[in-house]
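Protein sequence lines, in the order shown, are assigned to chains H and Y.
Under UniProt numbering, the first residue of the first sequence is numbered 1, with each subsequent residue one higher.
Under UniProt numbering, the first residue of the second sequence is numbered 1, with each subsequent residue one higher.
There are 2 protein chains.
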Amino acid sequence: MTNQKTTRIPRMTLSRLPLYYRTLCNLADEGTRRIKSADLGTATQVEPTTIRRDFSYFGELGRSGYGYDVGHLIRIFGEILEVDEPQYLALVGVGNLGRALLKNNFRRNPNMAIVCAFDADPGVIGEEINQVIVQPMAELGATIASLQINTAISTVPSHSLQQVSAKLVDNGIRSILSFAPEPVILPEFVNMRYLDLTSEVLNLLLLSERGQAAVAK
Amino acid sequence: MTNQKTTRIPRMTLSRLPLYYRTLCNLADEGTRRIKSADLGTATQVEPTTIRRDFSYFGELGRSGYGYDVGHLIRIFGEILEVDEPQYLALVGVGNLGRALLKNNFRRNPNMAIVCAFDADPGVIGEEINQVIVQPMAELGATIASLQINTAISTVPSHSLQQVSAKLVDNGIRSILSFAPEPVILPEFVNMRYLDLTSEVLNLLLLSERGQAAVAK
DNA sequence: CACGAAATGTGACGAGTTTAACAAAACGGA
DNA sequence: TCCGTTTTGTTAAACTCGTCACATTTCGTG
Ligand SMILES: NC(=O)c1ccc[n+]([C@@H]2O[C@H](COP(=O)([O-])OP(=O)(O)OC[C@H]3O[C@@H](n4cnc5c(N)ncnc54)[C@H](O)[C@@H]3O)[C@@H](O)[C@H]2O)c1
Ligand SMILES: NC(=O)c1ccc[n+]([C@@H]2O[C@H](COP(=O)([O-])OP(=O)(O)OC[C@H]3O[C@@H](n4cnc5c(N)ncnc54)[C@H](O)[C@@H]3O)[C@@H](O)[C@H]2O)c1
């Protein structure tokens, strides 16, 4: 467990990588070959200094007086984000939100896809959405084992989350993204992440009121 | 730079308020009258010390040797979050995601609701979803003016975001939550917030790989 | 009413993160 | 090739946030 040789990359830097990657891909699509931190800063709304520091954790990616090569950055970040490695996901809870995710199914990311879906409601089981057939919960274990999936998205209601996530973990899932804000108790090795749409809206409203005076950067 | 004007409330504290509020409401529903930071900590998965520090920014809300009065906390936080003030929202882009938001429509928060929806697709316009009729973009200005709305959710694709958000701002919207990760250029007084589901999943995968190589160099 | 128990509110510290400032490096035109 | 300009990578300082530790306050009971 003494894992000291790997250069430790700050959590905040890692969390900005997807943003950088996506923005760079857009720029490349528009034909942009090179970019300087200042311009990438206006595109991403991140301070140029922060961008340069972030990039520096992955080596000397740029050239002074020139900037960064967009293609090179995309290659490097794509490798770190493992966008080439197919990332298969399971979905539990095919309601309003689950259905939306399934219909879109990350169509812009060819290597990321929900490949199986589960629900407890007999009225939904068997339905085919975007080439994925909704399966009963009883088949969850066998399916994710055979597909070797270790990451799941949960769009079940709060009151089912504890039970559902425990079942997911029992069957080998190690990372869960939940859209229900219910805190759950799980083994420490499980990576649980919440995405509460209601809180996001509340935060938007909060920050827009109070941040008024103080945001003088 | 002596910025000791109002007691500035840390951003992280504010972002936890919705979690506290919801948890406290659940506790109240179950009949809990009082709570100590330790128990609220296990319920929210937040360190008790952090909870006490957070609460302290809003005054001395608790009593030593006793804990906090649940009803009192709910009142205080409800006021800060303005849950009593109805928060009406506009939605633009009634696709997969927009439809899901509209169908659910924050049903657990009685004072927060999407009250109007807009789309450019004639095939969607006129459709009624959860008592909201999808309107054409041409009516956006008049509708949000008459309803006095200043906050919007955008679920239009990336390539439409700049155009759509500019139109929203022109018509009085001051806060936007976008599900498309496209950076846009808007006046400074606009509060723009992104919620990129793809990035969220990538982050989940990235963080779960801590301990494995991936970033060695 | 007094006293041990319980729980809060906060000074202090440290880890993590952002930002300003600048020296060094590389570009590109003459 | 030379030189002013541009832009990076990084050092150091500022800032934010979470947690320890504990003095303080209040509870609840004998
Ligand atoms: N859709 C939104 O706009 C929105 C907004 C805020 C929060 N949320 C949260 O997202 C979550 C999902 O929202 P939704 O609108 O899709 O809800 P939904 O009710 O439409 O869908 C939930 C699905 O989960 C299934 N389910 C329930 N219990 C289950 C179990 N034990 N095992 C397997 N499947 C089970 C149900 O059959 C249903 O299909 C909810 O927790 C909700 O609070 C949604
Ligand atoms: N649904 C997902 O799982 C998912 C995942 C990751 C990202 N996203 C992002 O969320 C956004 C919405 O996703 P979706 O699946 O709902 O897409 P969608 O294509 O189903 O819906 C988009 C809607 O916006 C409308 N629209 C397009 N241009 C418009 C314009 N100029 N004015 C008004 N309306 C316009 C369309 O008519 C359509 O109804 C996309 O940017 C997508 O990249 C979605």
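Ideal Cβ positions, reconstructed from N, Cα and C, are used throughout, including at glycine.
> How is the alpha helix (DSSP H) around Y/Gly67 delimited, first residue to last?
Replying inline: From DSSP, Y/Gly67 is part of no alpha helix (DSSP H) but of the beta strand (DSSP E) over Gly67 to Asp69.
>> Suppose you measure from the CA of H/Leu140 to the CA of Y/Ala43; what does that come to, to the nearest Å?
In response: 28 Å
> H/Ala43 CB to nearest chain Y CB: under 8 Å?
Replying inline: yes
> Mapping DSSP to helix, strand and coil, what is H/Glu128?
Replying inline: strand
> Which ranges does the beta strand (DSSP E) cover as unbroken runs of at least 3 residues, wholly within the UniProt domain "CoA-binding" (83–183) of chain H, from first to last along the chain?
Replying inline: 87–92, 112–119, 132–136, 151–154 and 175–178
> When every heavy atom of ligand 2 is checked, does at least one fall within less than 7 Å of the C-beta of Y/Thr198?
Replying inline: yes
> Can you tell me whether H/Leu147 is buried or exposed, with buried defined as 16 or more other CB within 10 angstroms of its CB?
Replying inline: exposed
>> Rounded to the nearest angstrom, what separates Y/Leu207 and Y/Pro122 at their Cα positions?
In response: 42 Å
> Got a sec, what are the start and stop residues for the alpha helix (DSSP H) Y/Thr57 sits in?
Replying inline: The sequence as given places Tyr at residue 57 of chain Y; Thr does not occur at that position. That residue, Y/Tyr57, is in no alpha helix (DSSP H); it is neither H nor E in DSSP.
> Roughly how many angstroms separate the alpha carbons of H/Gln45 and Y/Pro183, rounded to a whole number?
Replying inline: 8 Å
> With DSSP run on the structure shown, which of helix, strand or coil describes H/Thr49?
Replying inline: helix
> Between the segment 75–95 of chain Y and chain H, which residues of the former have CB atoms less than 9 Å from a CB of the latter, in chain order?
Replying inline: Ile80, Leu81, Glu82, Val83, Gln87, Leu89 and Gly95
> With a CB to CB cut of under 7 Å and the five nearest residues on each side skipped, what residues in its chain are close to H/Asp54?
Replying inline: Thr13 and Arg16
>> Just verifying my parser: in three-state terms, what is the DSSP assignment at H/Gly62?
In response: strand
>> Looking at Y/Leu97: is its Cβ nearer than 8 Å to the Cβ of Y/Ile114?
In response: no
> Considering only residues of the same chain and omitting the five flanking positions on each side of Y/Gly126, which have a CB-CB separation below 8 Å?
Replying inline: Ile133 and Val134
> Mind checking whether the beta-carbon of Y/Gln148 lies closer than 7 Å to any heavy atom of ligand 1?
Replying inline: no
> Three or more beta-carbon pairs under 8 Å between the segment 191–200 of chain H and the segment 71–84 of chain Y, yes or no?
Replying inline: no
> Is the CB-CB distance between H/Ile129 and H/Ala152 below 8 Å?
Replying inline: no
> Comparing the C-beta of H/Pro187 with each C-beta of chain Y, is any distance below 8 Å?
Replying inline: no
> With burial defined as no fewer than 16 other Cβ atoms inside 10 Å of the residue's Cβ, what is the status of H/Gln212: buried or exposed?
Replying inline: Because the pLDDT at H/Gln212 is just 37, under 50, the model does not fix this residue reliably, and the value given afterwards should be weighed accordingly. Exposed, by the Cβ-count rule.
> Can you name, in chain order, every residue of its own chain whose Cβ lies under 8 Å from the Cβ of Y/Arg210, other than the five neighbours on each side?
Replying inline: Confidence at Y/Arg210 is low in this model, with a pLDDT of 43, below 50, so its placement is unreliable and the value that follows should be read with caution. Taken in chain order, the list of residues that qualify is empty.
> So is Y/Ala138 in contact with chain H if we call contact Cβ pairs under 8 Å?
Replying inline: no
>> Run through the DSSP bridge pairs and tell me what Y/Tyr194 is partnered with.
In response: Y/Ser178
>> Taking 7 Å as the cut-off, is the beta-carbon of Y/Gln163 closer than that to any non-hydrogen atom of ligand 2?
In response: yes
> Are the beta-carbon atoms of Y/Ser178 and Y/Ser154 separated by less than 8 Å?
Replying inline: yes
> Among H/Lys103, H/Leu197, H/Asp84 and H/Gly65, which residue has its Cα nearest to the Cα of H/Ile35?
Replying inline: H/Gly65
> Is it buried or exposed for H/Ala142, if we count other Cβ within 10 angstroms and need 16 for buried?
Replying inline: exposed
> Nearest to H/Ser37 by CA position, among H/Val70, H/Ser165, H/Gln131 and H/Ser160, is which residue?
Replying inline: H/Val70
> Whose C-beta lies closer than 7 Å to the C-beta of Y/Val169 among residues of the same chain, with five residues either side of it excluded?
Replying inline: Leu186, Pro187 and Val190
> Once you ignore the five residues that flank H/Leu8 on each side, which residues in its own chain have a CB closer than 6 Å to its CB?
Replying inline: First, the residue type needs correcting, since residue 8 of chain H is Arg and not Leu in the sequence shown. Within the same chain, H/Arg8 has no close Cβ partners at all.
> Which residues of chain H have a Cβ atom closer than 9 Å to the Cβ of Y/Pro10, listed in chain order?
Replying inline: Going along chain H, no residue has its Cβ under 9 Å from Y/Pro10, so there is no contact; the nearest lies around 11 Å.
> Where do the N-terminal and C-terminal ends of the alpha helix (DSSP H) with H/Gly41 fall, by residue?
Replying inline: Ser37 to Thr44
>> To the nearest angstrom, how far is the alpha carbon of H/Ala120 from that of H/Gln163?
In response: 12 Å
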